[in-house]
Amino acid sequence: HGEPVPEHLERAFEAADAEIFTRVRGLFGGRLRQAVSGAAPIAADILEFFYAAGVSVLEGWGLTETTAVGTVGTLEHFKFGTVGRAVPGVELRIAERDHEILMRGPNVFSEYWRNPEATAETLVDGWLHTGDIGELDEHGYLTITGRKKEIIITAGGKNLAPANLENDIKQSRFVSQAVMYGDRRPYPVALITLDPDEIVPWARERGLPEEVAQLSHHAAVRELIQGELDRANSRYAQVEQIKKFAILDRDLSIANDELTPTLKVKRGVINQRYAELFASLYESG
């Protein structure tokens, strides 16, 4: 049952609700109580903002091989930072060796079309090896920490899942894309691209050049992005933090084969195409 809300906090919330949250609800028609999100993580502060506005954003998780859904939060049972609990009839297990999420249930597919080898690798003793890594708490809430194939193993043997930190960096309005790099390296670094819709007006107000290509090399922009990176880094352990970064003079794009049609970063392409740029970040001391 919790403690009563102090009167001064209640008044502050009522003021915020009248000035801000009512408008937010109005943008969605005024009757929205919940929304469901999947495919990529959402920063905790965004979830908390919408919750304060009276709209619970419930995260879910699944794969094509699980008929789309495997877990989801509900209004009765949800926890910030998790993708909820397994839907009825579905079992979850975390592999001891690599923390891969395993799933079993009636929603799991039976086989890949005419590909028995891939089926045998993915379905083992009735358990689907999802390729995602994560954690289950004592109440059954699942937290996704990364993809097995995207794990970065540093020179010191530390396993890093880049997606969450990358997503936190991209919460900055000035950042369009962030790609972490660091496999077999002493520490992680990142490639960052600027959001032209935000960085150009910011630069104009300060009398700076208004071309993204020029801004990507400007000391003031670098200082700005360093501050945004420091904010994101502060949520992670020292060994997980990005130590250095480079700003690309243009955004990543589908046309340049750097993003998928659903705007996911092609990590392998980026790592290969910008290998020299990444290497220079380590050579600079």
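Numbering (the working numbering), first residue to last: 4 to 288. Using N, Cα and C, we set each Cβ at its ideal position, and we do this for glycine too.
In the three-state reduction of the DSSP assignment, glutamate 94 falls in the strand class.
For the 8 Å CB-CB criterion, isoleucine 155 and glycine 185 form a contact. Ranked by how close their Cα comes to the Cα of leucine 145, the residues Asn236, Gly87, Gly92, Val93 have Gly87 in first place.
If you keep only unbroken beta strand (DSSP E) runs of at least 3 residues inside the region 46-116, you get 59-64, 94-97, 103-107. Exclusion of the five residues before and after isoleucine 257 leaves Pro264 as the residues of its chain whose Cβ lies within less than 7 Å of its Cβ. Under a 10 Å Cβ-count criterion, glutamine 217 is classified as exposed, with fewer than 16 other Cβ atoms of the shown protein chains found around its own Cβ. DSSP places alanine 193 inside the beta strand (DSSP E), whose first and last residues are 192-197. Counting other Cβ atoms within 10 Å of its Cβ, glutamate 79 stays below 16 and is therefore classed as exposed. The shortest CA-to-CA distance from isoleucine 104 to any of Ser59, Glu94, Asn110 is the one to Glu94.
For alanine 235, the closest alpha carbon among the candidates Phe83, Val178, Lys267 is that of Val178.
The three-state secondary structure of valine 178, taken from DSSP, is strand. Its Cα nearest to that of lysine 269, the residue Leu255 stands out among Leu255, Leu280, Phe281, Ala282. If you check the CB distance, threonine 133 and leucine 66 come in under 8 Å. A direct Cα-to-Cα measurement between phenylalanine 53 and arginine 117 gives close to 45 Å.
Setting aside the 5 residues that flank it on each side, tyrosine 277 is surrounded in the same chain by Leu194, each with a C-beta closer than 7 Å to its C-beta; the list follows chain order. Leucine 163 is bridged by DSSP to Ile155. The alpha-carbon separation between threonine 25 and glycine 76 amounts to approximately 24 Å. Here proline 191 is buried: its Cβ has 16 or more other Cβ atoms, across all protein chains shown, within 10 Å.
Annotated three-state conformation of isoleucine 147 is strand, per DSSP. Secondary structure at isoleucine 23: helix, using DSSP grouped into helix, strand and coil. Nearest to valine 272 by alpha-carbon distance, out of Leu280, Leu262, Glu22, Ser175, is Leu262. According to the DSSP assignment, isoleucine 228 belongs to the alpha helix (DSSP H) that extends over 222-236. For glutamate 120, the uninterrupted alpha helix (DSSP H) run begins and ends at 119-125, by DSSP.
Burial is judged here by how many other beta carbons sit within 10 angstroms of a residue's own beta carbon; leucine 30 has fewer than 16 and is exposed. With a beta-carbon spacing of about 6 Å, valine 90 and valine 72 fall inside the 8 Å limit used to define contacts.
In the three-state DSSP reduction, isoleucine 245 falls in the coil class, being neither helix nor strand.
Nearest C-alpha to alanine 18 among Ala206, His142, Ala55, Arg187: Ala55. Here the alpha carbon of threonine 125 sits roughly 49 Å from the alpha carbon of proline 204. Glutamate 169 carries a helical assignment under DSSP once its states are collapsed to helix, strand and coil. Histidine 220 and leucine 232 have their C-alpha atoms roughly 17 Å apart.
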